[in-house]
């Protein structure tokens with residue numbers, strides 16, 4: 250019998266002062282059996298960083314044709330494509346062809362630098378693409394916040410991202426790989 254996803258309920262307060270976006274989001278996150286808690290929490294942070302009324306989680310890791318998150322225009326075209334991990338270069342090119350903007354969140358302190366050396370020159374030519382990395386230590390700290398029912402807040406101001414629960418406040422630092430800022 251196949252393992253089923255573990256369901257997490259998240260009450261997420263988003264205060265993005267950089268974009269003037271504020272919302273209280275009631276989310277249900279399904280953590281696929283092959284997904285780590287680090288990756289699940291990065292999905293949640295990516296959601297908070299790009300939060301909008303139309304941003305949605307997809308089938309993600311269990312689908313070859315969808316990103317981890319996306320946002321559509323009124324007319325159905327893809328406005329924002331958000332991918333986590335180290336995808337195939339072809340997949341990233343297709344995402345840039347299908348959407349207005351693509352964000353790629355890479356992680357894995359040993360894996361992503363090698364991946365970037367192999368694909369960075371080619372991907373660096375894609376104008377719609379934004380690539381950021383996040384340190385494993387940060388993801389592990391975020392994983393310490395995981396419970397089956399979470400009450401979290403995300404505050405974004407002057408480019409700084411802070412995730413907090415009742416006991417912890419963690420700064421999530423992203424290093425921009427493309428475009429370099």
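Residue numbers (the numbering used here): 250 to 430. We put the CB at the ideal spot given by N, CA and C, even for glycine.
Under three-state DSSP, which class holds residue 447?
-> Absent from the model: residue 447. The displayed extent of the chain is 250 to 430, so no value can be given.
Does the count of Cβ pairs from the region 287 to 300 and the region 381 to 397 closer than 8 Å reach three?
-> yes
Starting from residue 235 and walking both ways along the alpha helix (DSSP H), at which residues does that stretch end?
-> Nothing about residue 235 can be read from this structure; the chain reaches only from 250 to 430.
Between the CA atoms of residue 400 and residue 414 - distance to the nearest angstrom | One-based indexing of the chain shown puts residue 414 at position 165. One-based indexing of the chain shown puts residue 400 at position 151. For residue 414 and residue 400, the distance between alpha carbons rounds to 6 Å.
Got a sec? Which residues, its chain only, sit under 7 Å from residue 325 by beta carbon, not counting five neighbours each side?
-> For this step, residue 325 is matched to residue 76 along the chain shown. Hits under 7 Å: none found.
Check residue 304 in the structure and name its three-state DSSP category.
-> As a first step, residue 304 is located in the chain shown; it is residue number 55 there, counting from the start. DSSP places residue 304 in coil when its eight states are reduced to three.
Measuring alpha carbon to alpha carbon, tell me which of 273, 254 and 253 ends up nearest residue 404.
-> Looking up residue 404 in the chain shown gives position 155. Considering only alpha carbons, the answer is 273.
Around the C-beta of residue 348, are 16 or more other C-beta atoms found within 10 angstroms, so that it is buried, or is it exposed?
-> Here residue 348 is taken as the residue at index 99 of the chain shown, counted from 1. When all chains shown are included, residue 348 counts as buried.
Report all residues from its chain with a CB closer than 8 Å to the CB of residue 327; omit the five preceding and five following residues, and keep chain order.
-> Looking up residue 327 in the chain shown gives position 78. Non-local beta-carbon contacts of residue 327 in its own chain, meaning distances under 8 Å to residues more than five positions away in sequence, involve 319, 320, 321, 347, 348 and 349 in chain order.
Thinking C-alpha only, which one of 339, 426, 254 and 317 is nearest residue 203?
-> This structure leaves residue 203 out entirely; the chain is present only between 250 and 430.
Under the three-state reduction of DSSP, which class applies to residue 314: helix, strand or coil?
-> Reading the chain shown from its first residue, position 65 is the one you call residue 314. Here residue 314 sits in coil by DSSP.
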